[in-house]
Amino acid sequence: MVILTKTKMSVQLYAFLLMISALFSATADAMNSTEDIKHAVRVLKGIDSDITKEKAVTVLRYAAENDSVPYAMNSLGLVYMAGLGVPQDTAQAVRWLENAGANGFAEAYHNLGTMYKNAQCGTSQDFRKAFRHYKQGADAGSVMCMYDAGYMLYK
């Protein structure tokens, strides 16, 4: 039988409370990160205006690079595609959209396919690349990609 003294119990209780506190803190940080990303997207869409577009891009870049958040990667790709708060950059747009798709955000493939299908962001129209990206997205479960890939086969 183990008998704990008040001091040992206090130390164990303190250690347990620290562990629980760290767990809730990490969860709160993740929730704040998600809210920060959503807020940055609202700023870039013109819905909110309490921070600059450049600051919103910084929030997205941090989440994409450090937290590997696929939604932030996709959003950052769209930012470079449209030139919102940054100069338009096709290579960066493609890089971030491909990263988002590879990390499970299937709709990023739809954005890539549409970019090539419609010759957006300085790309030349390339139906093969468009179809390839739509197919990747369809294989990953994107309904929009399934539709567009099927439509391209129909035409």
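Note that the numbering used here gives residue 232 to position 38 of the sequence shown, counting from 1, and the numbers run on in steps of one. Here a beta-carbon is modelled for each residue, glycine too, at the ideal position from N, C-alpha and C.
Quiz item: Looking at C-alpha atoms only, which residue of Ala266, Pro281 and Leu306 is the closest neighbour of Ala332?
Solution: Leu306
Exercise. Just confirm the distance between the C-beta atoms of Gln314 and Met275, as a whole number of angstroms; I'd bet it's less than 8 Å.
Key: 7 Å
Practice problem: Return the residue from the list Asp230, Ser269, Lys239 and Val251 that minimises the CA-CA distance to Ala300. | Solution: Ser269
Quiz item: Got a sec, what are the start and stop residues for the alpha helix (DSSP H) Asp244 sits in?
Solution: Careful: Asp244 lies outside any alpha helix (DSSP H) and carries neither H nor E.
Exercise. Verify the contact flag: Ala287, CB atom, against every heavy atom of the ligand FMN, threshold strictly below 6 Å.
Key: With respect to small molecules bound, the structure shown includes none, and the ligand FMN cannot be examined in it.
Quiz prompt | Assigned secondary structure, Cys315 (DSSP; H/G/I helix, E/B strand, else coil) | solution = coil
Quiz item: Between which two residues does the alpha helix (DSSP H) carrying Ala332 extend?
Solution: Phe321 to Asp333
Exercise. Quick one: grab the DSSP three-state call for Ala296.
Key: helix
Exercise. Using three-state DSSP, classify Ser269 as helix, strand or coil.
Key: helix
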